[in-house]
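Q: Questions regarding the structure given below will be posed in turn.
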DNA sequence: CTGAAAGCGCTTACAG
DNA sequence: CTGAAAGCGCTTACAG
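This is the structure in structure tokens:
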């Protein structure tokens, strides 16, 4: 009965060898209730000595908690989104561990409930983080009706949903304002599908800056709903002159394509044309010269969302909108 | 006491309303022990009717299981590795759910024990999948001494470690054999760091094919330990003639760089030079023409490793080496 | 075939 | 400040 490996030590063991009751041992170990200084010391010392580790499952059963949070990430993330979600996930797991919580992972393909349903039925989590909200997301209804607390990574117009995101509109606007202030070039804005919320925000941000700075409509052109490499090529080919312009890319995929196009044309950055992106991911890391971009702190978005969730779980009053700061990277691809 | 939301129904509830003992209800619900047909029917029907869901935590406490597996993925995976691990993870989670298991995720940066230690201390998993083995991996010692079953995604010389992987050497050898049989070109092999096991295997595979087919040493050249874009450029620049060669890339990053170089030089694939990669990931998806490559089934590696782990946990005798089949994609970048 | 009881490892009123 | 007891929701010998 002494194989420490096969039978981890329990509170009962400690109580017995110390001649105390389980209640007392439990209380000092969980730091609750008033305990004699001497007793506390003995228990603490012995617990450390024998390497006692509480059984969280048992504790959970007793207090109706799991000390797990469920995280659902898109299983069908295209290559581009992945670095974002992966970094987010890193932020989440790090914060979770710091609070002695573990992460139960579910991958959901599209607007599918299975994974979330499982996690809910199995009752193995105290709360859920949803990392990509969809239009009419069936999963939020499901989670809601289960009464399990949840937060969303991203933005939702639903003001009752706890959410954390970057203020993309403001970020893009401010970024453009800096650019506009420092130079007089023609802007070409390449933007992705307007079905995606973040692309809309970026477009709004761009436009706000143009309006605020009174940029003449003839001094910028916007291409939206671009969805592919070829789309970018096509749009850029359609320009009468590209010299002396600054290409603004809605995200780093579009930016890669644009860079590809520039290279084929033999145009030099930033001399012939300047270029910048509204999202900086590792996709852009390789490029020389370095690309100016808005830098979104995915890691922090992750940890913040975890912190928020844990607070909601604890019943702490939380604000529903949470924004994490972005930063600007003005590098060699622009004259700033 | 009737708020179905706040208090999920338990076995005790069922037993009471059916006038049975908890034991009996438990037995029919878990399908163990002999039960009267009539009783079984009543219980099953009522359970379904009231939407009974077993509390896995409680069950786990009773039977000393968690119905969770821990998966540790590299937190510092560079962009290239990520699609591989992400796909693997998808395979793991899918198989796990099919067996009513959940996945506890840990991200480990490099040869770090923290995450694994947590997962072990918290005793929330029945087994662990390690998705990137390192030289002298401290984590395997840790896991071993904890007696928690584990399997590794990848290959290890340690024959006591349960592992699942593609047979990279064989894959590359066979791939080259096909290429050699169909054409007479000069081969240029670009290979990554020889500190990484998989790169060694690929090199061996390449060499085996060369030897087996009696290719003269003057008909191929090998560049190893290439670690960057520039490395590739440098090596390729050093060639006296590149026309009429077939470039074999050790992985898809090297391949991207090579493609980049070819484009800059204005060389046309497959007319001026052919090219193929020993690993096909989404990185290569974009290219026109499509790149011939060895296709590694990461999803299957994931699901297989999960299946293996679950079998090991059950105490089923398992073989320690497990290989999952690869396939060849001969596409337009080669004349096959 | 079914039930009463003890147990998994913890917590927490309730007494004292 | 400490302990005996009941409980979290399940399982499983042990009887019958």
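Protein chains in written order, with the numbering used here: chain A, 1 to 336; chain B, 1001 to 1336.
For each residue, glycine too, the CB sits at the ideal point set by N, CA and C.
#1: Candidates B:1297, B:1029, B:1160: which alpha carbon is nearest residue 1171 (chain B)'s?
#2: Return yes when the Cβ of residue 1066 (chain B) is within less than 8 Å of the Cβ of residue 1151 (chain B), no when it is not.
#3: Between residue 1124 (chain B) and chain A, is there a C-beta pair that is closer than 8 Å?
#4: In chain A, what lies closer than 9 Å to residue 1042 (chain B) by C-beta?
#5: Based on DSSP bridge pairs, tell me the residues matched to residue 321 (chain A).
#6: With DSSP run on the structure shown, which of helix, strand or coil describes residue 1037 (chain B)?
#7: Buried or exposed for residue 1307 (chain B), please, with buried defined as at least 16 other CB atoms from any protein chain shown within 10 angstroms of its CB.
#8: Three-state secondary structure (DSSP) at residue 1045 (chain B)?
#9: Is it the case that the Cβ atoms of residue 256 (chain A) and residue 129 (chain A) are separated by a distance below 8 Å?
#10: Buried or exposed for residue 93 (chain A), going by 16 or more other Cβ atoms inside 10 Å?
#11: Give me, in chain order, the residues of the same chain whose beta-carbon lies closer than 8 Å to that of residue 119 (chain A); leave out the 5 immediate sequence neighbours on both sides.
#12: Looking at the C-beta of residue 53 (chain A), does it have a partner C-beta in chain B at a distance below 8 Å?
#13: Opposite residue 1074 (chain B) in the DSSP bridges: which residues?
#14: Residues bridged to residue 1249 (chain B) by DSSP?
#15: Between the alpha carbons of residue 1008 (chain B) and residue 1026 (chain B), how many angstroms are there, rounded?
#16: Beta-carbon separation of residue 169 (chain A) and residue 201 (chain A) under 8 Å?
#17: Give the straight-line distance between the Cα atoms of residue 1052 (chain B) and residue 1010 (chain B), rounded to the nearest whole angstrom.
#18: Rounded to whole angstroms, what's the CA-CA distance from residue 181 (chain A) to residue 213 (chain A)? Just pull it up for me.
#19: Per DSSP, residue 141 (chain A) is paired with what?
#20: Determine the closest residue to residue 176 (chain A) out of A:117, A:232, A:38, A:248, with distance taken between C-alpha atoms.
#21: At 4 residues or longer, what runs of the alpha helix (DSSP H) sit wholly inside the stretch 1191 to 1217 of chain B?
#22: Within 8 Å, do at least three Cβ pairs link the stretch 252 to 266 of chain A to the stretch 227 to 244 of chain A?
#23: Can you name, in chain order, every residue of its own chain whose Cβ lies under 7 Å from the Cβ of residue 1311 (chain B), other than the five neighbours on each side?
#24: Just checking my contact of residue 133 (chain A) with residue 110 (chain A) at CB under 8 Å: how many whole Å lie between their CB atoms?
#25: First and last residue of the alpha helix (DSSP H) that includes residue 233 (chain A)?
#26: Along the chain, where does the beta strand (DSSP E) containing residue 130 (chain A) start, and where does it finish?
#27: Counting only beta-carbon atoms, is residue 1197 (chain B) nearer than 8 Å to chain A?
#28: At the 8 Å Cβ level, is residue 315 (chain A) part of the contact set with chain B, yes or no?
#29: Is the Cβ of residue 247 (chain A) closer than 8 Å to any Cβ of chain B?
#30: Closer than 9 Å between beta carbons: that is the criterion. Which residues of the stretch 1264 to 1283 of chain B meet it against chain A?
#31: I need the DSSP call for residue 116 (chain A), collapsed to helix, strand or coil.
#32: So, using beta-carbon positions, are residue 342 (chain A) and residue 246 (chain A) closer together than 8 Å?
#33: Going by Cα to Cα distance, which pick from A:229, A:225, A:231, A:174 is closest to residue 205 (chain A)?
#34: Measure the C-alpha to C-alpha separation of residue 113 (chain A) and residue 162 (chain A) and round it to an integer number of angstroms.
#35: Give the interface partners of residue 82 (chain A) over in chain B, defined as CB-CB distance under 8 Å, in chain order.
#36: Output the distance between the C-alpha atoms of residue 140 (chain A) and residue 1187 (chain B), rounded to the nearest integer angstrom.
A: In short:
#1: Within the second chain, the letter at position 171 stands for residue 1171 (chain B). Taking each of B:1297, B:1029, B:1160 in turn and checking the Cα distance to residue 1171 (chain B), the smallest one comes out for B:1297.
#2: For the purposes of this step, residue 1151 (chain B) is taken as the residue at position 151 of the second chain. For the purposes of this step, residue 1066 (chain B) is taken as the residue at position 66 of the second chain. Cβ atoms of residue 1151 (chain B) and residue 1066 (chain B): not closer than 8 Å.
#3: Position 124 of the second chain, counting from 1, holds the residue named residue 1124 (chain B). Output row for residue 1124 (chain B): interface = yes.
#4: Position 42 of the second chain, counted from the start, is the residue given in the question as residue 1042 (chain B). Think of a sphere of 9 Å around the beta carbon of residue 1042 (chain B): no beta carbon from chain A falls inside it, the nearest being about 23 Å out.
#5: One-based indexing of the first chain puts residue 321 (chain A) at position 321. According to DSSP, which records beta bridges pairwise, residue 321 (chain A) is partnered with A:163.
#6: Position 37 of the second chain holds residue 1037 (chain B). Of the three classes helix, strand and coil, the one that applies to residue 1037 (chain B) here is helix, per DSSP.
#7: The count along the second chain starts at 1 and reaches residue 1307 (chain B) at position 307. Around the C-beta of residue 1307 (chain B), 16 or more other C-beta atoms lie within 10 Å, and the residue is accordingly described as buried.
#8: Indexing the second chain from 1 puts residue 1045 (chain B) at position 45. Three-state DSSP puts residue 1045 (chain B) in a helix.
#9: The residue you call residue 256 (chain A) lines up with position 256 of the first chain. The residue you call residue 129 (chain A) lines up with position 129 of the first chain. Result no, Cβ atoms of residue 256 (chain A) and residue 129 (chain A) do not sit closer than 8 Å.
#10: On the first chain, residue 93 (chain A) is found 93 positions in, with the first residue counted as 1. With 16 or more Cβ atoms within 10 Å of its Cβ, residue 93 (chain A) is classed as buried.
#11: On the first chain, position 119 is the one that residue 119 (chain A) refers to. Only 70, 72, 104, 106, 125, 128 meet the Cβ criterion.
#12: For the purposes of this step, residue 53 (chain A) is identified with residue 53 of the first chain, where counting begins at 1. Proximity of residue 53 (chain A) to chain B, defined by a Cβ-Cβ separation below 8 Å, is satisfied.
#13: For the purposes of this step, residue 1074 (chain B) is taken as residue 74 along the second chain, with counting starting at 1. BP columns for residue 1074 (chain B) point to B:1108.
#14: Translated into the one-based positions of the second chain, residue 1249 (chain B) becomes position 249. B:1190, B:1277.
#15: The residue labelled residue 1008 (chain B) in the question sits at position 8 within the second chain. The residue labelled residue 1026 (chain B) in the question sits at position 26 within the second chain. Residue 1008 (chain B) and residue 1026 (chain B): Cα-Cα distance of roughly 16 Å.
#16: Your numbering for residue 169 (chain A) matches position 169 in the first chain. Your numbering for residue 201 (chain A) matches position 201 in the first chain. Less than 8 Å divides the Cβ of residue 169 (chain A) from the Cβ of residue 201 (chain A).
#17: For the purposes of this step, residue 1052 (chain B) is taken as the residue at position 52 of the second chain. For the purposes of this step, residue 1010 (chain B) is taken as the residue at position 10 of the second chain. CA-CA distance, residue 1052 (chain B) to residue 1010 (chain B), rounds to 7 Å.
#18: In the first chain, the residue the question calls residue 181 (chain A) occupies position 181. In the first chain, the residue the question calls residue 213 (chain A) occupies position 213. Between the alpha carbons of residue 181 (chain A) and residue 213 (chain A) lies a distance of about 8 Å.
#19: Here residue 141 (chain A) corresponds to residue number 141 of the first chain, with the count starting at 1. Beta-bridge pairing links residue 141 (chain A) to no other residue.
#20: Walking along the first chain from the start, residue 176 (chain A) turns up at place 176. With distances taken between Cα atoms, residue 176 (chain A) lies closest to A:248.
#21: 1197 to 1212, all fully within the stretch 1191 to 1217 of chain B.
#22: Counting C-beta pairs closer than 8 Å gives three or more between the stretch 227 to 244 of chain A and the stretch 252 to 266 of chain A, which meets the contact rule.
#23: Position 311 of the second chain, counted from the start, is the residue given in the question as residue 1311 (chain B). Result list for residue 1311 (chain B): 1318, in chain order.
#24: Reading the first chain from its first residue, position 133 is the one you call residue 133 (chain A). Reading the first chain from its first residue, position 110 is the one you call residue 110 (chain A). About 12 Å; that fails the 8 Å criterion.
#25: For the purposes of this step, residue 233 (chain A) is identified with residue 233 of the first chain, where counting begins at 1. Residue 233 (chain A) -> alpha helix (DSSP H) spans 229 to 237.
#26: Mapped onto the first chain, residue 130 (chain A) falls at position 130. It spans 127 to 130 - the beta strand (DSSP E) in which residue 130 (chain A) sits, taken as one unbroken run.
#27: Start at 1 with the first residue of the second chain, and residue 1197 (chain B) comes out as number 197. Judged by the 8 Å Cβ criterion, residue 1197 (chain B) is not in contact with chain A.
#28: Here residue 315 (chain A) is taken as the residue at index 315 of the first chain, counted from 1. Among the CB atoms of chain B, none fall inside 8 Å of the CB of residue 315 (chain A).
#29: Taking the first chain and counting its residues from 1, the one referred to as residue 247 (chain A) is at position 247. Taking CB atoms only, residue 247 (chain A) has no neighbour in chain B less than 8 Å away.
#30: For the stretch 1264 to 1283 of chain B, which is checked against every Cβ of chain A, the residues closer than 9 Å are 1264, 1281, 1282, 1283.
#31: The residue given as residue 116 (chain A) occupies position 116 in the first chain. Helix, per DSSP.
#32: As shown, chain A starts at 1 and ends at 336. That puts residue 342 (chain A) outside it, with no answer to give.
#33: Along the first chain, read from residue 1 onward, the residue named residue 205 (chain A) stands at position 205. The shortest Cα separation from residue 205 (chain A) among A:229, A:225, A:231, A:174 belongs to A:174.
#34: In the first chain, residue 113 (chain A) corresponds to position 113, counting from 1. In the first chain, residue 162 (chain A) corresponds to position 162, counting from 1. Going by the C-alpha atoms only, they are around 20 Å apart.
#35: Working through the first chain from its first residue, we reach residue 82 (chain A) at position 82. The answer, in chain order, is 1082, 1083, 1086.
#36: Counting from one through the first chain, the residue named residue 140 (chain A) turns up at place 140. Counting from one through the second chain, the residue named residue 1187 (chain B) turns up at place 187. Looking at the two C-alpha atoms, the distance is approximately 55 Å.
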